[in-house]
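The structure appears below as structure tokens.
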Amino acid sequence: MKRRRKNLKHLPNLLTTFRLLLVPVYFFVFFSGIPHHMMWGFGIFLLAGLTDILDGYLARKFKLVTELGIILDPLADKLMMLSVILSLVISGVIQWWLAVLVFLRDLGMIVGGALLAVGGHQPIPADHWGKATTFFFYVAIFLIVFDVPYSVHFLGFVICFSFFTSWNYLQKGRQQRIAS
Numbered sequence: 001m002k003r004r005r006k007n008l009k010h011l012p013n014l015l016t017t018f019r020l021l022l023v024p025v026y027f028f029v030f031f032s033g034i035p036h037h038m039m040w041g042f043g044i045f046l047l048a049g050l051t052d053i054l055d056g057y058l059a060r061k062f063k064l065v066t067e068l069g070i071i072l073d074p075l076a077d078k079l080m081m082l083s084v085i086l087s088l089v090i091s092g093v094i095q096w097w098l099a100v101l102v103f104l105r106d107l108g109m110i111v112g113g114a115l116l117a118v119g120g121h122q123p124i125p126a127d128h129w130g131k132a133t134t135f136f137f138y139v140a141i142f143l144i145v146f147d148v149p150y151s152v153h154f155l156g157f158v159i160c161f162s163f164f165t166s167w168n169y170l171q172k173g174r175q176q177r178i179a180s
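When we follow this note's numbering, the leftmost residue of the sequence shown carries the number 1, and every step to the right adds one.
Structure representation (structure tokens):
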């Protein structure tokens, strides 16, 4: 078991780095003009999501959670989500104000995490609400790519729900600060 753990030591962070590298690939494919570019872009987005699940699973199962991973993993998620939202705005699929909401929420989460780190506190790991939000975000993008009626409305609901999950994280951060 120790040997396997040693062999896998950096794999979760490598998968997260791979996910970060998929962001410009996603943009290139989405705006390439190739046939079915939105579906290919969604495939890259889905690959990023699968690597997110895999790196989290490996990090927890083999006790390979690192401080770098705790920081890079949500950063990779946020960059990919913002990239997808931005590409949908640029292509006219969704309204710009939805992207502004996502950006403001993510900015708040990044600033909140930075304030915790500056105060010497640990980053708050994703909970079931955050994971549910991510799952529903993927579903919303899938529905949009396949032009399902009301899919943009569903995305709006997911974005609103993401503010609830952000509030939940902020409360956890506040409790962590008060406890110390």
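Glycine is no exception: its CB is placed at the ideal position from the N, C-alpha and C atoms.
Tell me the DSSP secondary structure of residue i in three-state form.
i	result
K78	helix
K9	coil
F154	helix
A126	coil
P24	helix
F31	coil
Q176	helix
S91	coil
Would you mind working out which of the options sits nearest residue i, comparing C-alpha positions?
i	options	result
L8	G56, P35, L79	G56
R19	I124, M39, L50	L50
L68	K131, V152, L15	L15
L82	L115, P24, W167, I53	P24
L88	V152, R174, Y169	V152
W129	S166, Y138, G112, L143	S166
Please check the pair residue i and residue j, which I expect to be a contact at CB under 8 Å, by giving their CB distance rounded to whole angstroms.
i	j	result
L98	I159	6 Å
L58	P12	5 Å
Can you tell me whether residue i is buried or exposed, with buried defined as 16 or more other CB within 10 angstroms of its CB?
i	result
Y150	exposed
D127	exposed
G33	exposed
M80	buried
F31	exposed
A117	exposed
M109	buried
Whole angstroms are fine: how far does the CA of residue j sit from the CA of residue i?
i	j	result
Q122	L64	16 Å
V145	S180	46 Å
L72	V148	33 Å
K78	D106	7 Å
G156	T134	13 Å
F62	L104	35 Å
F28	I85	15 Å
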